[in-house]
Every structure is written in C-alpha cells, then in structure tokens.
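Colleague: Provided herewith is a single structure, encoded as structure tokens, for subsequent inquiry.
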Amino acid sequence: MTDQPFIPIYNPRPQYDQLREQLEATALRVLASGGYVLGPEVQGLEAEVTEFLGVEHAIGCNSGTDALIIALAALGIGPGDEVITSPFTFFASSESVDLVGAKPVFAEIDPTTFNITAETIAAAITERTRAIIPVHLYGQGPDMAAINALAEKHGLKVLEDVAQAFGARQGERRLGSLGDIAAHSFYPTKNLGAAGDAGMITTNDAALAERCRLLRVHGSSRRDHHTAIGYNSRLDALQAALLRVKLPHLDDWNAGRQAAAARYDDLLAPLPEVTPPVVAPHGDHVFHQYTLRVPSDRRDAIRQYMNDQGVGANSYYSAPLHTQPVYREKGYTVSLPEAERAAREVISLPMWPAIDRATQVRVVEALKEALSKA
Ligand SMILES: *Cc1c(COP(=O)(O)O)cnc(C)c1O
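As structure tokens, this is what we get:
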C-alpha cells in the first residue's frame with residue numbers, strides 16, 4: 001500500500017468543479033419548477049442532441065439499456081428473430097435482445113479494435129437474422145460504412161450501441177447517426193454523464209421515432225389511450241437539465257481524453273510487454289476507456305498489484321458474453337477465440353478528461369512495477 005491518494009478509474013469531480021455554479025443553479029431551478037418528468041427540459045435536450053449528432057430525431061429515456069430494448073421493440077424484433085452483436089461488451093448489449101424475445105448471436109471481434117466487423121458479422125448471418133448491434137467499444141466504432149453495406153445487402157437493420165462513444169466521429173458524421181437507429185447511455189461514468197440513470201434513442205426515421213416515443217410511455221400517445229404494450233422509460237427533467245449544461249463541453253472533454261491517451265501512449269512506449277490501444281483509420285476514438293493488453297497469465301496479478309498501489313485499474317470485460325452462465329445454460333457452445341483472449345488480456349487504466357500527466361506517470365510507474373514483480 002502507499003500513502004498517496006487512490007487514483008480512481010474515473011473521477012467525476014473535475015466536471016462538477018468546472019460547472020458547479022451552473023449545475024447547482026440548474027438543479028435548484030428544476031426542483032422549484034415542479035416539473036420532474038419529461039417536459040420542456042427533456043424536449044430541450046432532445047433538440048440539442050439532434051443538433052449535436054446531426055440526426056433528425058432523439059427520444060430521451062431512462063437508461064442506455066432501455067434505449068436498446070425500446071429500439072429493438074420499435075424495429076419489430078421479437079421471438080424467432082436473431083440479432084448479431086459483440087460477445088465483448090457490457091451485458092446489456094445482448095440482454096436487450098433476449099428481453100424482446102429474440103436471440104443474440106455473437107460474432108467474433110477484431111483483435112486490434114475489439115469490435116465486431118463486417119466480415120465477422122457476415123459469418124454469423126442466418127435466415128433468421130434481422131438486425132446487427134455494432135457496439136462502439138471503449139470509445140471507437142467499427143467501420144460503419146462496411147457494416148451498413150453488409151446490412152443493406154442482406155436486408156438487416158443496424159442498431160448502434162453508442163453507450164461508450166458519445167461524440168466520436170467517422171468522417172464528418174457522429175456515431176449514433178450512421179445506422180437505422182442508435183442507443184445512448186448517460187450513466188454517470190460515460191463520456192456524457194448525468195447524475196443518475198439516463199439514456200436516449202436517435203434515428204433519422206420518423207416512423208421509428210414515433211414508435212419509440214409511444215413505447216417510452218406505456219404505448220400511449222394520449223391519456224387513457226394505449227395502442228401498444230410499452231414501457232415506463234420516461235427521462236427525468238433533472239437529468240435532462242444537467243445534461244444540457246454539460247453537452248456544450250463534451251467535445252472539449254473528449255479532446256482531453258484524447259490528449260490523455262496520447263500521454264499514456266508515450267509513457268507506455270518503453271514497455272514491450274504492453275500493447276496499447278489502436279485507433280483505427282476509419283474514425284476517431286473518444287477513449288471512454290484506455291485499454292491495453294498484457295500477458296494473460298499475469299493479467300489478474302498485475303491488476304491486483306496496481307490496485308494495491310492505489311491505482312484503480314480494471315478489466316472490461318474479463319468474461320465474454322457467450323461464456324456467461326446464463327448463455328451456457330441456454331445452450332451457447334460457440335467458441336470465439338479472439339473475444340476469449342481479449343477477456344484474458346485487457347486492463348483499463350484511469351481515464352477522465354482532466355487527468356493530469358503526474359497522475360498518469362504514477363499509474364504507469366505502478367504498471368511497470370507490477371510487470372516486474374507481479
Ligand atoms: C453502459 C452500457 C450500456 C447500458 O447503459 P445503461 O445506461 O447503464 O443502461 C449498454 N451498452 C454498453 C456498451 C454500455 O457500456
């Protein structure tokens with residue numbers, strides 16, 4: 001153990017300090033307004049997100065998980081359908097597919113970006129496939145032009161899981177504006193984080209947007225009139241109002257993450273046992289996580305050593321989804337060696353927009369020591 005302060009994997013405090021007056025005034029204004037659910041704050045956020053992402057429609061909802069579920073339901077995906085997604089992601093990416101009654105099918109990942117690709121997706125297509133959920137893991141997407149071309153060829157829908165990459169671009173366009181529909185999370189640790197759960201759906205398809213709006217509130221477009229079985233996934237006015245304060249700063253914050261990533265790259269260059277993250281040529285990377293690979297046989301010991309030195313390193317994700325007990329129980333026997341290898345090798349380092357060089361030096365010193373001793 002050390003006497004120095006613990007370095008968390010994510011520190012929400014600098015954003016709060018930066019915008020404290022505005023955030024506090026906003027929270028008090030919403031409290032005094034008496035309007036706590038949906039309403040003008042949510043409509044305001046929806047309008048600002050459409051502008052920011054360059055999409056036609058945005059529908060605020062309760063979480064990123066709900067955004068995935070509602071988007072799938074709005075696409076009409078259900079029992080008998082298969083949806084191809086990544087095995088190397090947060091559980092919600094596939095759980096949402098099960099929750100609408102369909103079957104997630106896991107495609108292999110590309111070892112450099114950790115994302116599924118048009119090639120690996122193509123190998124997983126069957127006659128039951130209806131949609132693809134590309135997950136923009138750690139802050140960068142797969143080549144969306146290639147995935148859209150594949151989807152068009154096979155008549156499949158594309159639902160982007162943007163939970164880890166809000167603000168990232170491919171060419172001139174932002175992730176979340178490239179597929180048929182997209183799910184966003186504003187969970188507090190995400191690149192744009194609320195002070196609680198919050199999520200959003202975006203699409204350029206007016207009919208899909210309408211369907212999502214309906215499903216968000218119990219399948220009801222007016223009082224005492226229900227035209228679908230829906231959900232309660234209303235977004236709170238307080239969360240929307242706080243997100244509206246933060247959104248104008250997001251590009252700066254993502255640039256701060258990119259600068260921090262470049263500093264890590266430099267600091268790690270002398271360490272031959274470490275493979276730093278790769279930014280693919282097809283788009284930018286907004287470093288929700290800065291994730292490297294280390295030798296699998298020592299990964300857990302290295303992470304533990306760093307934690308003992310006061311450094312909050314973590315492994316996202318240490319078990320791929322197809323090996324989770326619930327999917328084993330459902331009979332999944334597929335072998336996906338690259339996803340399984342990634343799950344054994346990854347370590348994410350502390351990352352937030354305002355992390356300073358001195359803190360990063362301490363992180364890398366702990367990693368160096370761990371590599372020699374653990
Ligand atoms: C966080 C996350 C989600 C779920 O978002 P919540 O807002 O926590 O429900 C979905 N997919 C990925 C890849 C995530 O990282």
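First residue of the sequence shown? That's 1 in UniProt numbering, and the numbers climb one at a time after it.
Using N, Cα and C, we set each Cβ at its ideal position, and we do this for glycine too.
Per DSSP, which one or two residues make a beta bridge with residue 200?
Modeller: Taking the sequence shown and counting its residues from 1, the one referred to as residue 200 is at position 200. In DSSP, residue 200 forms a bridge with 60, 184.
Colleague: Between residue 345 and the rest of its own chain, which residues show a CB-CB distance below 7 Å, the 5 nearest in sequence each way excluded?
Modeller: Here residue 345 is taken as the residue at index 345 of the sequence shown, counted from 1. Within the same chain, residue 345 has close Cβ partners 293, 294, 296, 299.
Colleague: Of all the options 127, 12, 218, 167, which has the alpha carbon lying nearest to the alpha carbon of residue 51?
Modeller: Here residue 51 refers to the residue found at position 51 when the sequence shown is read from its first residue. Nearest of 127, 12, 218, 167 to residue 51, Cα basis: 167.
Colleague: In whole angstroms, what is the alpha-carbon distance linking residue 207 and residue 67?
Modeller: For the purposes of this step, residue 207 is taken as residue 207 along the sequence shown, with counting starting at 1. For the purposes of this step, residue 67 is taken as residue 67 along the sequence shown, with counting starting at 1. Going from the Cα of residue 207 to the Cα of residue 67 covers about 16 Å.
Colleague: Using the rule of at least 16 other Cβ atoms within 10 Å of the residue's Cβ for burial, across every protein chain shown, is residue 140 buried or exposed?
Modeller: As a first step, residue 140 is located in the sequence shown; it is residue number 140 there, counting from the start. Buried: at least 16 other Cβ atoms inside 10 Å.
Colleague: Give the secondary structure of residue 106 by DSSP, where H, G and I count as helix, E and B as strand, and everything else as coil.
Modeller: Within the sequence shown, residue 106 is the residue found at index 106, counting from 1. Residue 106 falls in the strand class under three-state DSSP.
Colleague: Measure how close the beta-carbons of residue 143 and residue 124 come, nearest whole angstrom, since I'm counting them as under 8 Å.
Modeller: By 1-based counting over the sequence shown, the position of residue 143 is 143. By 1-based counting over the sequence shown, the position of residue 124 is 124. With a Cβ gap of about 17 Å, residue 143 and residue 124 do not count as contacting.
Colleague: For residue 45, which residues in the same chain have their Cβ closer than 7 Å to its Cβ, ignoring the five residues on either side in sequence?
Modeller: By 1-based counting over the sequence shown, the position of residue 45 is 45. Closer than 7 Å at the Cβ level, and outside the excluded window around residue 45, lie 60, 240, 243, 244.
Colleague: Under 8 Å: do the segment 23-34 and the segment 312-332 share three or more Cβ pairs, one atom per stretch?
Modeller: These segments do not touch.
Colleague: Does ligand 1 have even one heavy atom less than 6 Å from the beta-carbon of residue 161?
Modeller: By one-based count along the sequence shown, residue 161 stands at place 161. Under cutoff, so the answer is yes.
Colleague: Report all residues from its chain with a CB closer than 7 Å to the CB of residue 363; omit the five preceding and five following residues, and keep chain order.
Modeller: Counting from 1 along the sequence shown, the entry for residue 363 is found at position 363. Here the set comprises 7, 311, 349, 350.
Colleague: Give, in chain order, every unbroken run of the alpha helix (DSSP H) that is at least 4 residues long and sits entirely within the segment 218-290.
Modeller: If we require 4 residues or more, the alpha helix (DSSP H) runs fully inside the segment 218-290 come out as 237-246, 250-268.
Colleague: Write down the C-beta distance between residue 354 and residue 14 rounded to the nearest angstrom, noting that I regard them as a contact closer than 8 Å.
Modeller: In the sequence shown, residue 354 corresponds to position 354, counting from 1. In the sequence shown, residue 14 corresponds to position 14, counting from 1. Right, their Cβ atoms sit about 4 Å apart.
Colleague: Give me the DSSP bridge partner(s) of residue 157.
Modeller: Here residue 157 corresponds to residue number 157 of the sequence shown, with the count starting at 1. Beta-bridge pairing links residue 157 to 131.
Colleague: Could you have a look at residue 210 and say whether DSSP puts it in helix, strand or coil?
Modeller: Position 210 of the sequence shown holds residue 210. Residue 210 falls in the helix class under three-state DSSP.
Colleague: For the alpha helix (DSSP H) holding residue 31, just list the boundary residues, first then last.
Modeller: By one-based count along the sequence shown, residue 31 stands at place 31. Looking at the DSSP string, the run of the alpha helix (DSSP H) that includes residue 31 is 13-33.
Colleague: Give a single yes or no on whether residue 140 has its beta carbon closer than 6 Å to a heavy atom of ligand 1.
Modeller: Here residue 140 corresponds to residue number 140 of the sequence shown, with the count starting at 1. Outside the cutoff, so no.
Colleague: First and last residue of the alpha helix (DSSP H) that includes residue 355?
Modeller: Start at 1 with the first residue of the sequence shown, and residue 355 comes out as number 355. No alpha helix (DSSP H) contains residue 355, which DSSP labels as neither H nor E.
Colleague: Compute the distance between the beta-carbons of residue 227 and residue 57, then report whether it is under 7 Å.
Modeller: Looking up residue 227 in the sequence shown gives position 227. Looking up residue 57 in the sequence shown gives position 57. No, Cβ-Cβ distance for residue 227 and residue 57 is not below 7 Å.
Colleague: Name the DSSP bridge partner or partners of residue 174?
Modeller: The residue given as residue 174 occupies position 174 in the sequence shown. Partner(s): 169.
Colleague: With a CB to CB cut of under 8 Å and the five nearest residues on each side skipped, what residues in its chain are close to residue 453?
Modeller: Summary: the structure shown does not reach residue 453, with the chain confined to residues 1 through 374, and so no result is reported for it.
Colleague: I'd like the list of long-range same chain contacts for residue 388, defined as Cβ closer than 7 Å, with 5 residues on each side in sequence excluded.
Modeller: Lying outside 1 to 374, the shown extent of the chain, residue 388 is not represented and no answer is given.
Colleague: Going by other Cβ atoms of all chains shown within 10 Å of its Cβ, with 16 needed for buried, is residue 20 buried or exposed?
Modeller: Numbered from its first residue, the sequence shown carries residue 20 at position 20. With fewer than 16 Cβ atoms within 10 Å of its Cβ, residue 20 is classed as exposed.
Colleague: Please state whether the Cβ-Cβ distance between residue 268 and residue 277 is less than 7 Å.
Modeller: Looking up residue 268 in the sequence shown gives position 268. Looking up residue 277 in the sequence shown gives position 277. Taking 7 Å as the Cβ cut-off, residue 268 and residue 277 do not qualify as a contacting pair.
Colleague: Under 7 Å, do residue 96 and residue 85 count as touching if we go by C-beta distance?
Modeller: Taking the first residue of the sequence shown as position 1, residue 96 is located at position 96. Taking the first residue of the sequence shown as position 1, residue 85 is located at position 85. Going by C-beta atoms, residue 96 is not nearer than 7 Å to residue 85.
Colleague: Should the segment 103-110 be regarded as contacting the segment 244-255, the criterion being three or more beta carbon pairs within less than 8 Å?
Modeller: Contact fails: fewer than three Cβ-Cβ distances are below 8 Å.
Colleague: Is the beta carbon of residue 234 sitting closer than 7 Å to the one on residue 37?
Modeller: What you label residue 234 is simply residue 234 of the sequence shown in a count that begins at 1. What you label residue 37 is simply residue 37 of the sequence shown in a count that begins at 1. Result yes, Cβ atoms of residue 234 and residue 37 sit closer than 7 Å.
Colleague: Under the three-state reduction of DSSP, which class applies to residue 314: helix, strand or coil?
Modeller: Working through the sequence shown from its first residue, we reach residue 314 at position 314. The answer is strand: DSSP assigns residue 314 an E or B state.
Colleague: Using a threshold of 7 Å, state whether the C-beta atoms of residue 189 and residue 10 are closer than that.
Modeller: Along the sequence shown, one-based indexing puts residue 189 at 189. Along the sequence shown, one-based indexing puts residue 10 at 10. Yes, the pair counts as a contact, with Cβ atoms nearer than the cut-off.
Colleague: Run the proximity test for residue 348: is its beta-carbon closer than 6 Å to any non-hydrogen atom belonging to ligand 1?
Modeller: What you label residue 348 is simply residue 348 of the sequence shown in a count that begins at 1. No.
Colleague: What would DSSP say about residue 117, mapped onto helix, strand or coil?
Modeller: As a working mapping, residue 117 is identified with position 117 in the sequence shown. Note: residue 117 maps to coil in three-state DSSP.
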